[in-house]
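A quick write-up on the structure given underneath.
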Amino acid sequence: MISFSLALGLLLPLGATAVAQDTLSVRADKVYTAAGDVIDGGVVVVADGKIAAVGTGGARGDVLEVAAVTPGMVDLSCRIHTNFYSVEQTTETSIDMPVADALDPFSYLWERELRSGVTTVMVSPFDMNVLGGYSVVLKTGGEPSIEARTVKNEACLRGCIGPQPSSGNFAPRGGPPTTFYARRPTTRMGVEWVFRKTYYDLLNAERLGTEVDEATQAQFDVLKRTLAGELPVVLKAKATQDVRTAIYLKEEFGIPNMILDAAAEAWKEPELVQRSGVGLILPPYPKDGRVPDGTVNDSYFFALDSAAKFHAMGVTIALSGAGAADVGERMGRQAGFAMRGGLPFDAALAAVTINPARMLGVDDRVGSIEVGKDADLVLWNGTPFEPTSAIIGVVLDGVLVVDPRSQP
């Protein structure tokens, strides 16, 4: 097998390593499908960018032999936005703004994720607004255009509960304001106020039959979709008080589909989380056990057994790498950390593949190895997620973008 350090050395620029085949077969000691079964001595046949067959025989075309194969990983908290350029800050509620219009398809970050086995990501606006607009689900490789890589446009309405949307704002004093940052919210309570006011503006307009301008109506239409359950609301909520606030807002307005991102301290409110029916995107496990806030001088303790406890309670969880630069902190390693905290292997696999795919409604294309789905595969030199195992190959849409045979 190929060692971890050597495997990293083999990952040349994708333009040089991408190998397209009409038919590609991966024969593995174990095929972890994330569809409820593990196939010993299995074969995955890829044709025309899709999974053509899964079983124990029938290999054809170019054949690769590896220790294990899993579906391409799916990260719903991948930070490949363009920071302040990805969010409209003249307002705290840029509800109908699509982040897809502000992404850089040529960023090196896409390649880094792909090399790490993450083949599908959700990219969201930079969390400086209470409601920042539409997120988008994308493939991490392929033709360098956002349109070509899009799996699902307008995937969710992205928002943030906590101190981040209020950071930089201030109360105007001593004359007229000279900047649009002289505004609410300036506190956590103000962030909640903006969220509630936004939804109550919609409800009151409908109750009173108030006519609104075209721009306001466009935002109201987005909010209506969230109330109807057609559009998930994904709120960043790290601290305990922010998790509680998000859940209370969900229940106050009857938002059917809410997902909490970076929910570091959700473990402190397990019964509330379970009762509410929210899904959780857990942050990367930090080396010192504390997740920094990022905008204020604060951090939050993230228990190692959080994923295991929520799984045991029936709460839908997804793990994330949050675009980590350190190889040891990326998506596959997060699954290993969760297992160290007691999460069973099959649940860890689901938390980086089929669970996040289902959360955003893209499981018809990605998240598991099943006939007809996109041929996104991760090839391993040992048992996935173990400290001694490494990703040695990646297939994206049927194209071998990282070839385990490319040795010096």
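Numbers given in the numbering used here equal positions in the sequence shown, counted from 1, plus 701. Cβ atoms here follow ideal geometry from the backbone N, Cα and C, with glycine treated the same way.
Could you name the residues of the same chain whose beta carbon sits closer than 6 Å to that of residue i, not counting the 5 residues immediately before and after it, in chain order?
{"i": "A919", "result": "D797"}
{"i": "A769", "result": "A729, K731, W1081, P1085"}
{"i": "A1058", "result": "V775, D1064, V1067, G1068"}
{"i": "G710", "result": "Bear in mind that the predicted position of G710 carries a pLDDT of just 34, short of 50, making it unreliable; the figure below should be weighed with that in mind. So no residue of the chain qualifies."}
{"i": "V934", "result": "L858, T927, I956, M959"}
{"i": "R1031", "result": "S817, G1022, A1025"}
{"i": "A760", "result": "S726, R728, V744"}
{"i": "A803", "result": "T783, Y786, S787"}
{"i": "L1097", "result": "T820, G842, D1077"}
How should residue i be labelled, buried or exposed, when 16 other C-beta atoms within 10 angstroms of its C-beta is the threshold for buried?
{"i": "D989", "result": "exposed"}
{"i": "D914", "result": "exposed"}
{"i": "G980", "result": "buried"}
{"i": "L712", "result": "Unreliable placement is indicated for L712, whose pLDDT of 40 sits below 50; the coordinate value is still reported in the next sentence. Buried, by the Cβ-count rule."}
{"i": "M890", "result": "exposed"}
{"i": "A856", "result": "buried"}
{"i": "Y786", "result": "exposed"}
{"i": "Y809", "result": "exposed"}
{"i": "M823", "result": "buried"}
{"i": "E907", "result": "exposed"}
{"i": "E953", "result": "exposed"}
{"i": "N723", "result": "Note that residue 723 is Asp in the sequence shown, not Asn. Answer is exposed; the Cβ neighbour count stays below 16."}
{"i": "F1011", "result": "buried"}
{"i": "G742", "result": "exposed"}
{"i": "V1072", "result": "exposed"}
{"i": "T1089", "result": "exposed"}
{"i": "N998", "result": "exposed"}
{"i": "T791", "result": "exposed"}
{"i": "G773", "result": "buried"}
{"i": "K925", "result": "exposed"}
{"i": "A929", "result": "exposed"}
{"i": "T821", "result": "buried"}
{"i": "A864", "result": "It is worth fixing the name first, because residue 864 is Pro in this sequence and not Ala. The residue in question, P864, is buried, as its Cβ has 16 or more Cβ neighbours within 10 Å."}
{"i": "E972", "result": "exposed"}
Within the continuous beta strand (DSSP E) that includes residue i, where are the two ends?
{"i": "L725", "result": "724-733"}
{"i": "Y986", "result": "It is not in any beta strand (DSSP E) - Y986 carries neither H nor E in the DSSP assignment."}
{"i": "V852", "result": "851-861"}
{"i": "D776", "result": "774-776"}
{"i": "I740", "result": "739-748"}
{"i": "R991", "result": "991-993"}
{"i": "I796", "result": "Taken as a continuous stretch (DSSP letters only), I796 belongs to no beta strand (DSSP E), as it is neither H nor E."}
{"i": "F1002", "result": "1000-1002"}
{"i": "M823", "result": "819-824"}
{"i": "V755", "result": "751-756"}
{"i": "G1042", "result": "No beta strand (DSSP E) holds G1042; DSSP gives it neither H nor E."}
{"i": "K1074", "result": "From DSSP, K1074 is part of no beta strand (DSSP E); its letter is neither H nor E."}
Mind checking which residues open and close the alpha helix (DSSP H) that includes residue i?
{"i": "V974", "result": "971-977"}
{"i": "E812", "result": "809-816"}
{"i": "W894", "result": "889-909"}
{"i": "D962", "result": "First-last for D962: 959-962, but that is the beta strand (DSSP E), not the alpha helix (DSSP H)."}
{"i": "D1098", "result": "No alpha helix (DSSP H) contains D1098, which DSSP labels as neither H nor E."}
{"i": "T946", "result": "941-954"}
{"i": "S1007", "result": "1007-1013"}
{"i": "K937", "result": "K937 -> not in any alpha helix (DSSP H); beta strand (DSSP E) instead, spanning 934-937."}
{"i": "V923", "result": "915-928"}
Compare the Cα-Cα distances from residue i to each of the options and report the closest residue.
{"i": "G843", "options": "G818, E812, S817, N854", "result": "E812"}
{"i": "G936", "options": "A753, F921, I956, G1042", "result": "Note on residue identity: the sequence assigns Leu, not Gly, to residue 936. That would be I956, whose Cα lies nearest to the Cα of L936."}
{"i": "V944", "options": "Q975, E931, A929", "result": "Q975"}
{"i": "G756", "options": "V744, I1070, R1031", "result": "V744"}
{"i": "D749", "options": "E972, A1076, V1102", "result": "A1076"}
{"i": "C861", "options": "V923, L961, F1046, A1009", "result": "L961"}
{"i": "A1008", "options": "Q865, V1096, G1043", "result": "G1043"}
{"i": "V895", "options": "L839, R874, M829, K853", "result": "M829"}
{"i": "T880", "options": "F871, T887, G833", "result": "F871"}
{"i": "D738", "options": "V892, E1087, I1070", "result": "I1070"}
{"i": "T888", "options": "G869, Y900, S1107", "result": "G869"}
{"i": "S977", "options": "V992, Y949, P987", "result": "Y949"}
{"i": "L839", "options": "V746, P878, C779, E893", "result": "C779"}
{"i": "P866", "options": "Y882, P878, R874, T851", "result": "Y882"}
{"i": "I1018", "options": "A1039, A801, S1000", "result": "A1039"}
Residues in the same chain with beta-carbon distance under 7 Å from residue i, minus the five sequence neighbours each way, listed in chain order, please.
{"i": "S846", "result": "P806"}
{"i": "P1105", "result": "I703, L765, V767, L1080, I1093, G1094"}
{"i": "V1016", "result": "V974, Q975, L981"}
{"i": "F827", "result": "H782, N784, F785, S787, V788"}
{"i": "E970", "result": "T941, V944, R945"}
Tell me, please, whether the CB atom of residue i is closer than 8 Å to any CB atom in chain D?
{"i": "V1067", "result": "The structure shown contains no chain D; it holds only a single protein chain."}
Here's a check: name, in chain order, each residue in its chain whose Cβ is nearer than 8 Å to the Cβ of residue i, leaving out the five neighbours to either side.
{"i": "R1041", "result": "L1005"}
{"i": "P799", "result": "G834, Y835, V837, N854, E855"}
{"i": "A736", "result": "I1055, S1069, I1070, E1071"}
{"i": "A754", "result": "V744, V745, V746, V1072"}
Could you check how far apart the C-beta atoms of residue i and residue j are, in whole angstroms? I think they sit under 8 Å.
{"i": "A1013", "j": "L983", "result": "About 14 Å separates the two Cβ atoms, so there is no contact after all."}
{"i": "L832", "j": "V1102", "result": "With 8 Å as the limit, L832 and V1102 do not qualify as a contact, their Cβ atoms being about 36 Å apart."}
{"i": "L1061", "j": "K853", "result": "6 Å"}
{"i": "L1078", "j": "Y733", "result": "The pair is not a contact, with the Cβ atoms about 10 Å apart (cut-off 8 Å)."}
{"i": "A947", "j": "E966", "result": "Wrong, their Cβ atoms sit about 12 Å apart, outside the cutoff."}
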